Each structure stands twice: as C-alpha cells, then as structure tokens.
Amino acid sequence: MEYNFNKIEKKWQIYWKKKKIFNKKILYKKKKYYILNMFPYPSGEGLHVGHPIGYIASDIYARYKNSQGENVINPIGFDSFGLPTEQYSIQTGIHPNIMTKINIKRYKIQLLRLGISFDWDRELNTSDSTYFKWTQWMFIKMFNSWYDKKLEKARSIKILINEFNFNGNRNINAFSTFKKRFSADEWKKKKNFEKEKILQNYRIAFLSKRSVNWCPKLGTVLANDEIKENLSKRGGYPVYKKRMLQWSLRISAYSERLLNGLNKVNYPDNLKKSQKSWIGKESGIKIFFSLEKNEKIKLEIFTIKPYMLFGVTFIIIPLGSYFLERKKITNIVDKQYINDVKKYLLNFSLKEKEISGIFTGNYVLHPLTKKKIPVYISSFIKDDYNLNSIMCVPAHEIKSYKFAKKFGIKILEVLSIKSSEKIFCINSSFLNGLNLKNSFFFIKKILLNKNFGKKSISFKLKDAVFSRQRYWGEPIPIYYENNIPKTINKLPLLLPYMDLPYMDISHNEINSPLTRAKFWAWDKKNKKIVYTNLINKKTIFPLETNTMPSWAGSSWYYFRYMDPKNKNFFLNKRKENYWKNVDLYVGGIEHATGHLIYARFWHKFLKDYGLVNSEEPFKKIINQGMILVKSAIIYRNKKKKYYISYSLLNLKKKNDFQKINIDIKYIKNKNEVDIEKIKTWRSELNNSKFILDNGKFTCNRILEKMSKSKYNVINPDFIYNKYGADTFRMYEMFLGPLEKSKIWNIKNIDGIYNFLKKFWNFFHKKGKFYVDENYPSKEELEILYKTIKKIKNSLESFSFNIPISEFMIFLNKLIRMKCYKRQILEPITILFSFYAPHISEEIWYKLGKKKSIYFANFPKNNLNSLLEKYFNYPVTFNGKFRFKIKFKKSEPIQKIEKKLLNNEKIILFLKNKKPKKIFIILNKIINIVF
RNA sequence: GCGGGUAUGGUGAAAUUGGUAUACACACUAGAUUUAGGAUCUAGUAUCUUUACAGAUAUGGGGGUUCAAAUCCCUUUACCCGCACCA
Numbered sequence: 004m005e006y007n008f009n010k011i012e013k014k015w016q017i018y019w020k021k022k023k024i025f026n027k028k029i030l031y032k033k034k035k036y037y038i039l040n041m042f043p044y045p046s047g048e049g050l051h052v053g054h055p056i057g058y059i060a061s062d063i064y065a066r067y068k069n070s071q072g073e074n075v076i077n078p079i080g081f082d083s084f085g086l087p088t089e090q091y092s093i094q095t096g097i098h099p100n101i102m103t104k105i106n107i108k109r110y111k112i113q114l115l116r117l118g119i120s121f122d123w124d125r126e127l128n129t130s131d132s133t134y135f136k137w138t139q140w141m142f143i144k145m146f147n148s149w150y151d152k153k154l155e156k157a158r159s160i161k162i163l164i165n166e167f168n169f170n171g172n173r174n175i176n177a178f179s180t181f182k183k184r185f186s187a188d189e190w191k192k193k194k195n196f197e198k199e200k201i202l203q204n205y206r207i208a209f210l211s212k213r214s215v216n217w218c219p220k221l222g223t224v225l226a227n228d229e230i231k232e233n234l235s236k237r238g239g240y241p242v243y244k245k246r247m248l249q250w251s252l253r254i255s256a257y258s259e260r261l262l263n264g265l266n267k268v269n270y271p272d273n274l275k276k277s278q279k280s281w282i283g284k285e286s287g288i289k290i291f292f293s294l295e296k297n298e299k300i301k302l303e304i305f306t307i308k309p310y311m312l313f314g315v316t317f318i319i320i321p322l323g324s325y326f327l328e329r330k331k332i333t334n335i336v337d338k339q340y341i342n343d344v345k346k347y348l349l350n351f352s353l354k355e356k357e358i359s360g361i362f363t364g365n366y367v368l369h370p371l372t373k374k375k376i377p378v379y380i381s382s383f384i385k386d387d388y389n390l391n392s393i394m395c396v397p398a399h400e401i402k403s404y405k406f407a408k409k410f411g412i413k414i415l416e417v418l419s420i421k422s423s424e425k426i427f428c429i430n431s432s433f434l435n436g437l438n439l440k441n442s443f444f445f446i447k448k449i450l451l452n453k454n455f456g457k458k459s460i461s462f463k464l465k466d467a468v469f470s471r472q473r474y475w476g477e478p479i480p481i482y483y484e485n486n487i488p489k490t491i492n493k494l495p496l497l498l499p500y501m502d503l504p505y506m507d508i509s510h511n512e513i514n515s516p517l518t519r520a521k522f523w524a525w526d527k528k529n530k531k532i533v534y535t536n537l538i539n540k541k542t543i544f545p546l547e548t549n550t551m552p553s554w555a556g557s558s559w560y561y562f563r564y565m566d567p568k569n570k571n572f573f574l575n576k577r578k579e580n581y582w583k584n585v586d587l588y589v590g591g592i593e594h595a596t597g598h599l600i601y602a603r604f605w606h607k608f609l610k611d612y613g614l615v616n617s618e619e620p621f622k623k624i625i626n627q628g629m630i631l632v633k634s635a636i637i638y639r640n641k642k643k644k645y646y647i648s649y650s651l652l653n654l655k656k657k658n659d660f661q662k663i664n665i666d667i668k669y670i671k672n673k674n675e676v677d678i679e680k681i682k683t684w685r686s687e688l689n690n691s692k693f694i695l696d697n698g699k700f701t702c703n704r705i706l707e708k709m710s711k712s713k714y715n716v717i718n719p720d721f722i723y724n725k726y727g728a729d730t731f732r733m734y735e736m737f738l739g740p741l742e743k744s745k746i747w748n749i750k751n752i753d754g755i756y757n758f759l760k761k762f763w764n765f766f767h768k769k770g771k772f773y774v775d776e777n778y779p780s781k782e783e784l785e786i787l788y789k790t791i792k793k794i795k796n797s798l799e800s801f802s803f804n805i806p807i808s809e810f811m812i813f814l815n816k817l818i819r820m821k822c823y824k825r826q827i828l829e830p831i832t833i834l835f836s837f838y839a840p841h842i843s844e845e846i847w848y849k850l851g852k853k854k855s856i857y858f859a860n861f862p863k864n865n866l867n868s869l870l871e872k873y874f875n876y877p878v879t880f881n882g883k884f885r886f887k888i889k890f891k892k893s894e895p896i897q898k899i900e901k902k903l904l905n906n907e908k909i910i911l912f913l914k915n916k917k918p919k920k921i922f923i924i925l926n927k928i929i930n931i932v933f
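The number in my numbering is simply the position in the first sequence, starting from 1, with 3 added.
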C-alpha cells in the first residue's frame, strides 16, 4: 500500500481543527507548560525554510511535554505592524490594512500545513485594534509614570506632582535627567508648560530630541536596515542624521534590574553575555575639566581609564549629545554657533567613517597639569545622546589618533605596552612605572581627594526611541494642547484611513505620513477624531503624528495569549495566575538584545503596578541556528549609479561601488543575472545602465543568513508539495543540532522520505495493515527500551536531530528481526508522532485507537528490569582499542586484573613485555599501559 | 575595531559529556530484481601501505595536561552572525 502523504496529511489536519485537539484551557489539576515561538512578522514573501525550524522543534517539545501529562499551550499570532508592509504598499498601491490580511492568510496556510500543535483559538495580531488598544493603554501608563529609585519601581506621576507641590523635588530620588533643585513654591509659580517640561524629565514615556536617518532625495526617514555605506539601498542616495523631537521610553531606569534579572533565568550563556554587554554596566570615574574662560563651568567626563589622564590632548562633545541643548554649553559656544556647526557637519554628511569635526574655539584645563586642552564638536568618535563629552587619548585610541592626525593635535604616549599583561604608565608624573590596576586606584584616590572627580557607574543601555515617522504602526494616543502633550483615554485610537500613495516623495521636511492625514485632529469636548482643518487650538487640537515602533506590540504579546479575547482588560488576573510566564521561548539569536531587552523592560514595568506577578517574562530561551544560503550581490557605482558586471569589477575600485542584494530568483547558471527579468523587479533598475561582460551580467555570490532583507529566501511550499509535511518536519530536524547555523541544502531529503516510506511499509504487508499480537521477546523489549531512553534524553537536552537516527536504527533492527509486535510498535509510534504527527496519527488509527495519538502517554521504559549481568569491556592498549572481554558487572577490580594478566589474548598482545599499569574503570573500559 | 559562534570522511552529521572516533543518512561503486526507471533489495565505501591477513595515520593547524582528548588548557588560521565602531 502506497504512502499517500497528501491524503493522510489533509485528513488529519481537518480532524485536528474540527475536534480542536490542540486548544487548551486552564486545568488546575495539571501543571502548565507555556511554549512560545518568537512572534512572526507576516511579510509578503511568505515563510522561508528557516522559519519552521524553530516551530517544528518547539512543536516536538510541546508534544513531548504534553505526552507527559502537562497542560501545554503553544500559541501563535502575528506581529503585523511594520515597515516592510508599508513599503510594499507604497510600491503596489494596496493599502497596508489589506496587504496585512493577505500576508497573514498566506502565513497561516503555510503554518497549518506543518501540522504544528498551535492553539489557533489564541491567535492574535498586533495591528488589530482589540490588541493595540492595550498597547496604547500601556503607553499612557508609562506616560503617567516616573521611576522611584528609593522603591526601585515605577509609580504614578500624580505622586510625584503631589510631592512637588509639598516639598519641591528635594526629597525625591527619581531616575531623571533633571538635575536642578526646586522648592514647592518655585514649582507652584511655574506655568503649565514649564511644569510639563520638567515632568518630561521624569516620565517613563517622554519627549526628547533624538537623531534619525534622513534621506532628502527619498523624502523619508530610513531605518538602519535600509542604509548601506551611508547611502540608501533604494536608489543609493545620501543619508544624513537629523535631530527631531521624539518619544522615548526610559529603559535606562531599569538597567540594574535588567542586569540582575539575568541571574534568575535560564538563557544560553552567549545570549546572557550579549545582554550584559548591551546593558554595559561600568564603574569608573567622572573627571571635572573646568573651562579656561570661566573656571566655574566644568565638563564632567566619564572614563573607565583614568590612568590615561595625562595623555588627554583634546575633548569631544558628541554632536548628538543632550549637552548641546543645555545652557551650560551655550556658555561655551553660543547657540547660533552650535546651529552653524550642526549645519556644517550635516552638510559634510554624517558618514561615521569619515573624520569630521569642528573646533569650538574653547579650551578646558587639565585638572592635574592645568594645561589647555581644545574642545571639539564631532560625531566621529562617538555620537551618543547620553554623553556630555569624551576625553581623547590619541596615543592609545585608534579613532582619537585618526582625529588628532587630521586636526594636527598633539599625541602623547602615556602607556608602555610590552605585552597584553605588561602595561605600565609613562610620561604620567606620579603614575610612572605603575601597572594598570595600581595606577587606576592611585589616580582615582587623588582625583577624589582633590575633588577633581567623583565615583560613577555608567550604563551603556540607552533610552529606547519610541517614535516612528511611519503610517503603519500603532497611533500614539496623545494630542497637543498648546504644545503640552495630553493623553487620549478613549481607546483604541484608530489609524485614519489614508489614500495611497499617502507618502508624497516631494516633501522636503521630515514628516510622518500622518501629518498629511485629512482626518487627524482631536475634539477634546466630544472625545473624537475630527477633520484636521478644524483645528482651532481651543477645543480641537492636533494629534500626535508619529506612530509606535514595531517592537511596541511584540513587547507584551506573550501575556495576551493567556487571555486573547478579553474585552475588559489586557489580561484576566486568574488566567495570569495560572499561566504566569513563558517556560520555553524559542527563536533566533538576532533578537538577543533588541526584543529581549524591550520585552523584559515592559514586563518589569507591568510588574511594578502589580498587573502581573512574575519578574521575568521568559524562564528559558533556546536559539535556533540560522540557515545560511548564497546571496546574490550586484555592484552599483556610488556616483554615476550604473551597475557593473562582477566579472568586470576592478577590486581596487571596489569602494566606488555600493553592494546591492538582489533576489536570488533572478540568477541563472550559478552567478549570471537575468537582466530582463531583474528590470521588472524594481523600477530604479529598469532605468539604470548595466555594463555587461561579453553579453553577460554576473553577480557575486556570498554566504549569508537567509532573510527577506537579503532577498535570498527559499520558500518551503514546493517541499511540502513534493514530499509532504512529515518529511519536511523530519528533514529540518535532521539537518543538525537546533542551535547550530547550517547551510541550506535539499540533497539529503530523499533519505528522510525513503525512511518514512519504509516506516509506512513496515506496517503493511501485501497491501494490508498488519501487526503481530504476540508478546515480545526480551531482546525486542530491550531494543525498545533503549530507544525510548535515548530519545527521552535527547529531547530533554533539546537535541532534536538525534532521535531521528534512533528511529532509523530501531526500524532497521526490527526489519532484520522481522518483529511486527504491537507492544513494540505502539510505543514507538507515539514517539514518532512528535516528529511526524500525520503518518503516526494514521497508523495509530489503523492500530484501532479511537482517540488521537496526541492524547497518548509517553511510553514507559522498564530497561532496568532487563539489564544484563555482564559487561563487555573494551580493552585498549596504550589507549588504542583492540578487542572486548566480558566480565560480570559485580566483578571487583582486583579479580578482573588477575584474570586479565592470565588472558591468552592479552599475553599475545604484550609480546612478553610486562604491563606497567592496568587501568580498570568499572563497567566502562580497560586500558593496559606497557 | 569590539563582542559572540563554528570547524570531525566526497556531503549532512553521531560519539553515553574525558573512555571503542566516524553510528545514522546522503552520494558513490558493484550486484540482484523489474520492459524500463528517479522504485526496491544486498554488499562495499576516512586516508595510506597490503592480493589478503594486518598495520600505520587521521576530528582546521601547532603545542600542552592525562593511563586515556573531537571533548580540558594555550596558541593560530578560515568562515558565519551581531553591533550602541569604549572613545
């Protein structure tokens, strides 16, 4: 009887859906187990073969846990707001709302075909207003919060305002960028907008100036992802950094907690390392450099290398620094000057690789030598909002060195480096001859004693920018009353419908598409959205035109799965109490920092208000490896915009060309590009000149991860069609260890397909299903139990590739033994169902079972009852294996040794030499050294 | 530049976590079967020496610890991933 996977798979997928086999409820008697895959983004490309690896692995684990009697939820949904959809819409003219629906539908079809035990009743979608209503609600909660350092938690802003009214900010220990002190009277005298300006320094969701990547030619703000070598990937136009007022979330307030929380979770070490370095706690010292013109004004410069202080020959104020907005700095250089500088630097372009900067005309005094040190403004060394200024030691810092060379600044060596361990100070007065450790403590002591500096701990973690100049994101529920941001509490605040193309490329200002919406103003009285032209600033006010970033919705989605349809609240308390948090989170390592930091922050914020009980969202994380594949790269001349065949590219002039990824489906014969077809891909390619080599245009092929942004994805559909989902599932697991990255290769899939056929045929004799009802032999049972044990161990250690080999070995043995016994085959079918649920379900049904195999218990393993009395010792000579000798397991070492010395085979091997020593490791190995 | 990871036959990979290296597959070779095959079955398949028996050498390279190393330590090379380019 033929293995007809099409028929079998369709049949059971319909059955599972109809009977709601995978839908879960709270069962207080059962232990819960929450498995989650990282949120998929439904792009227009559909799934690629890399995505399912995580889904399949977690499904195998979910089915395994379920078979052990745990109440497993394994939900899925879609992170559906975001840039790719918006861009695709601009290109095609299909509204993102519709586009998203189409994409989700397609993803769903692809996912359903995999036979994963997803609980589809819990499906959610971030662009659905029933979901983002709560994202907006949480944003408002953050807006109305400040961080109390005394209690180490977020609290209501009302408490803070109340305190200001009574005592000013004297007694407040808040996490804030506001450093001045004020009294209650001073506070009360302030005007509303002044008050709000101060409060912005405390709020967890707050407004501040942050930089964006601005591409004037495209008239839009670009993501880092859309830029290569400071040119836009689309069109190759220059990109500038521009600062604008944006919403941020004060994640930095949670730095310490985010760091400490890592001790409580089970993440891979490399992931923890990434998070730690991202949070970047450093203890160092803040050194005061006073201004030459006015010694009262001091720059406070943080460093972890104070022992290089004598080598400081210039100071840099980062162009993006908050410091440039402060009054303090306007005393150094006036505001007009800063604006001019900014304009100059912007036009110079903010290519970070290019050395750019400008001298402020000011000097600070070295705290110890009192020498004059010039102050520059630049974004070359490090452009960071949180830094006020940087001390530069060109002798020992590569970038400072380059900068010093260009501007003719003195270079002073202060370290003698003989090897990585032998470093000591030179040219540094009292530090001379000291090693790094000692000089650190010595200079720290002196600086602190003389009040030239203070102890300081810094975190690298920055506040997260929360505004996007995009249409397709959650609207920020804020309107502006006389420039004061006010919250909209009637939620959800829906996106206005906009005709396409709503993003007019001819705009020269940085604007969000919503600034062009006709129906985007807030009627305060009637609490509703009205036409933009009705704004009168009395009752009708402008609405916020930025939208939220796509990580907003994905920062708390795992909670919503616990209670996806709740209309009254984001999560019912009783449900939260049962499901708590995620037990196993499966996803790519690329989310190690961004998403995981944001989600952990968001979780902690909700915990501060008692809305959830746990401190961490994810108890355990495993990362699946990436799929690597050969991408296709073509080269575009940066200035003249023509494309050149890779075969003609002069490698010396490589820097004149921008690398562009093109879709691998336009490649024929290894590396030849189909010019006619590729011109239809992108309009800019259609209008460009291609320089051919002998009538051919070739591209460069490089190994990269499979990703839609690299246009190298391979769609799994043709694999399901040819081999079926069960083969595909097994094959993806057979590729190798889950966490390892692997080069995509379809070559070995026939082996898996043959194996499934073999498995199927094993149950069918001459076209009829057949099992033997006799009791199995000891040998047969032993093989079964050993296999169960091995598979269990492998699953426990998340080694999903190993059980497949075990299945093969097991089946080969049964075939050799002609064993078709029910008591052997039933347990193995249960194990098999984790990997290949459809074929197993069909066989289970043929075995006469009435209930789905999903409800079968994990098979018992009675191996101990069968264990043999003897152990077959491998005998090695000087570590080299020769043969085996059997001894009783209980035989003591002394007796074994005696027997070994009289053994003929061993005597023969020793050739009359006397063994120096014999190592006997009980029930493991014998090593004879001679 | 910094941080993280990987390396075992022609290929994907196993190795009870320091104890018989290359299980299980793919591919290849030979044979059987079928009208034929991309189907099925059997045997062989790390490298070198050897007709064979057998022996030697092999886990990216070099060194070390150990009775014993793919596994631990030092060093080095290549490739992949990430980045807020630590100043």
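Backbone N, C-alpha and C fix where the C-beta goes; we use that ideal spot for every residue, glycine too. Values in this document were obtained by computation on a predicted structure and should not be read as measured data.
- Residue pairing by DSSP places Q249 opposite S211 in a beta bridge.
- Proximity to T138 across V716, Y560 and I929 peaks at Y560, based on C-alpha coordinates.
- The segment 530 to 609 contains, as complete alpha helix (DSSP H) runs of 4+ residues, the segments 560 to 563 and 576 to 582 (chain order).
- Within a 10 Å sphere around the beta-carbon of Q472 sit 16 or more other beta-carbons, which makes this residue buried.
- Checking the DSSP bridge columns, you'll see M394 partnered with I318.
- Residue pairing from DSSP leaves L439 without any beta-bridge partner.
- Only residues of its own chain outside the window of five on either side were considered, and among them I805 and P806 have a CB closer than 7 Å to the CB of S797, listed in chain order.
- CA-CA distance, D122 to I746, rounds to 31 Å.
- Going by beta carbons, I318 and I401 fall outside the 8 Å limit.
- Nearest to N486 by C-alpha distance, out of L368, L870, K194 and N569, is K194.
- Rounded to the nearest angstrom, the Cβ distance from G770 to N9 is 19 Å, too far for a contact under 8 Å.
- DSSP places K662 inside the beta strand (DSSP E), whose first and last residues are F660 to I665.
- Between the alpha carbons of I282 and K299 lies a gap of roughly 33 Å.
- Annotation for N865: Y788 place their beta carbon closer than 7 Å to its own, counting only its chain and skipping 5 residues before and after.
- Rounded to the nearest whole angstrom, the CA to CA distance from T316 to V396 is 6 Å.
- Following the DSSP letters along the chain, one finds G264 inside the alpha helix (DSSP H) bounded by residues S258 to G264.
- Annotated as distal: F758 and T790, with beta-carbon spacing of 8 Å or more.
- Straight through space, the alpha carbons of F700 and I678 are spaced by roughly 7 Å.
- Distance from the CA atom of K883 to the CA atom of I896, rounded to whole angstroms, is 20 Å.
- Under the DSSP assignment, K920 falls in the beta strand (DSSP E) whose first and last residues are K920 to I924.
- Secondary structure of L312 (DSSP, three-state): helix.
- In the structure shown, the three-state DSSP call for D526 is strand.
- By the Cβ criterion, the segment 564 to 584 is in contact with the segment 601 to 616, since at least three pairs of Cβ atoms, one from each stretch, lie closer than 8 Å.
- Annotation for R639: no alpha helix (DSSP H) segment contains it, though the beta strand (DSSP E) segment containing it runs I630 to N640.
- Around the CB of F196, fewer than 16 other CB atoms lie within 10 Å, so the residue is classed as exposed.
- K231 sits in a strand when the DSSP states are folded into three classes.
- In the three-state DSSP reduction, Y649 falls in the helix class (H, G or I).
- Comparing alpha-carbon positions, the option among F167, F169, N168 and M141 lying closest to A157 turns out to be M141.
- The beta carbon of L497 sits closer than 8 Å to those of S132, P478 and I532, all from its chain and outside the five residues before and after it, given in chain order.
- Nearest C-alpha to L834 among F406, R819 and S808: S808.
- Taking a C-beta distance under 8 Å as the contact criterion, A595 and Q278 qualify as a contact pair.
- With a cutoff of 8 Å on beta-carbon distance, T180 and N204 are scored as near each other.
- Put simply, of K373, K14, L371 and I320 the residue whose alpha carbon is nearest the alpha carbon of F362 is I320.
- Contact between S691 and Y645 holds: CB atoms are separated by about 6 Å, below the 8 Å threshold.
- Under a 10 Å Cβ-count criterion, K887 is classified as exposed, with fewer than 16 other Cβ atoms of the shown protein chains found around its own Cβ.
- Across the structure, M736 and S61 are spaced so that their CA atoms are roughly 11 Å apart.
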